[in-house]
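Enquirer:
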Amino acid sequence: MTSVDGSCVPSEKVVAALSRREVVAAASAALVLPLVGGGGPAWGDSSGLGNTTEAIATVFVCRRAMDPVKGYIAEGQWDRARSNVNYCTRVLRLNSVLKKVSNDIDEVEGLEIAGDLLNTMSDLDSSIYTPIFAFDTASGTQRSFAKYQKECYRYYDESVALLDRFIQLLPSELLAESSQLADARPLPKFLGIPQSAAAAGGKRGGK
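Reading the sequence shown from the start, the letters are residues 48 to 254 in our numbering.
Okay, structure coming up:
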């Protein structure tokens, strides 16, 4: 299968099968790590979200996981794009994490952002999901390809902007430890990000 620019792209069915298996595996690992310890953060409360610094580390991981999504959209790799989005929203429970951090640091604006981001990420996932069935990368035209991309880009940009805005609210004294935790957290390969890059979001934060 080729993209609109003539380059080769993986079959969506192949990518879908691989990505979904990896998401399930990642979800299982996320449930096991808090129980067995080692190789991941030591979860600090019964919610499974960790203490404040651990929860902030999750925010950093999610922010970094969003970086490859725009490239996947550009290449028409819809399932790969959805895998990263769903890893944040379903596996790492981003909305619950944002609300926990907001409550922990007494930040009302953070709760508002969490609500807005929940809706925007849902719209992003839906906009990426639609062309999986409505568009054939091999036979589609540049015009129809661009139509789907435009909607995906819109929700992607809105999601990233909200996440960056949340990170800017974080207290600077919590950033260093949270960045270290994010940097040490094992990440699924399908996310397409370097292991050491997970904490890059910490450099954006601080108020």
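A virtual CB, placed ideally from N, CA and C, is assigned to each residue, including glycine.
Note that the structure is a prediction, hence the values are computed from the model and not measured.
Pop quiz: residue 120 and residue 175 are said to be a contact at Cβ under 8 Å. What is the actual Cβ separation, rounded to whole angstroms?
Expert: Residue mapping note: residue 120 aligns to position 73 of the sequence shown, counting from 1. Residue mapping note: residue 175 aligns to position 128 of the sequence shown, counting from 1. Confirmed, about 7 Å.
Enquirer: For the candidate residues 152, 230, 180 and 140, whose alpha-carbon lies nearest to that of residue 125?
Expert: The residue given as residue 125 occupies position 78 in the sequence shown. Nearest of 152, 230, 180 and 140 to residue 125, Cα basis: 180.
Enquirer: Just curious, the alpha helix (DSSP H) that residue 129 is in, first and last residue?
Expert: Within the sequence shown, numbered from 1, the residue matching residue 129 stands at position 82. First-last of the alpha helix (DSSP H) with residue 129: 125-133.
Enquirer: Classify residue 139 as helix, strand or coil using the three-state DSSP reduction.
Expert: On the sequence shown, residue 139 is found 92 positions in, with the first residue counted as 1. Of the three classes helix, strand and coil, the one that applies to residue 139 here is coil, per DSSP.
Enquirer: Output yes or no for whether 8 Å exceeds the beta carbon distance between residue 96 and residue 144.
Expert: For the purposes of this step, residue 96 is taken as residue 49 along the sequence shown, with counting starting at 1. For the purposes of this step, residue 144 is taken as residue 97 along the sequence shown, with counting starting at 1. Cβ distance < 8 Å, so residue 96 and residue 144 count as in contact.
Enquirer: Do residue 108 and residue 229 count as a contact pair if the criterion is CB distance below 8 Å?
Expert: On the sequence shown, residue 229 is found 182 positions in, with the first residue counted as 1. On the sequence shown, residue 108 is found 61 positions in, with the first residue counted as 1. Cβ distance < 8 Å, so residue 229 and residue 108 count as in contact.
Enquirer: Output needed for residue 224: all residues of its chain with C-beta closer than 8 Å, excluding positions within five of it in sequence on either side, in chain order.
Expert: Locating residue 224 in the sequence shown gives position 177, counting from the first residue. Here the set comprises 100.
Enquirer: Can you tell me whether residue 88 is buried or exposed? The criterion is at least 16 other CB atoms within 10 Å of its CB, across all chains shown.
Expert: Sequence index remark: in the sequence shown, residue 88 carries index 41 (1-based). Because the pLDDT at residue 88 is just 35, under 50, the model does not fix this residue reliably, and the point stays unresolved.
Enquirer: Compute the Euclidean distance between the alpha carbons of residue 142 and residue 214, then round it to the nearest angstrom.
Expert: Within the sequence shown, the letter at position 95 stands for residue 142. Within the sequence shown, the letter at position 167 stands for residue 214. For residue 142 and residue 214, the distance between alpha carbons rounds to 14 Å.
Enquirer: Which residue wins for smallest C-alpha separation from residue 218, given the options 178, 165, 157 and 207?
Expert: For the purposes of this step, residue 218 is taken as the residue at position 171 of the sequence shown. For the residues 178, 165, 157 and 207, the minimum Cα distance to residue 218 belongs to 157.
Enquirer: Taking the alpha carbon of residue 207 as the reference point, which residue from 151, 131, 123 and 153 has its own alpha carbon closest?
Expert: Along the sequence shown, read from residue 1 onward, the residue named residue 207 stands at position 160. The option with the nearest alpha carbon to residue 207 is 131.
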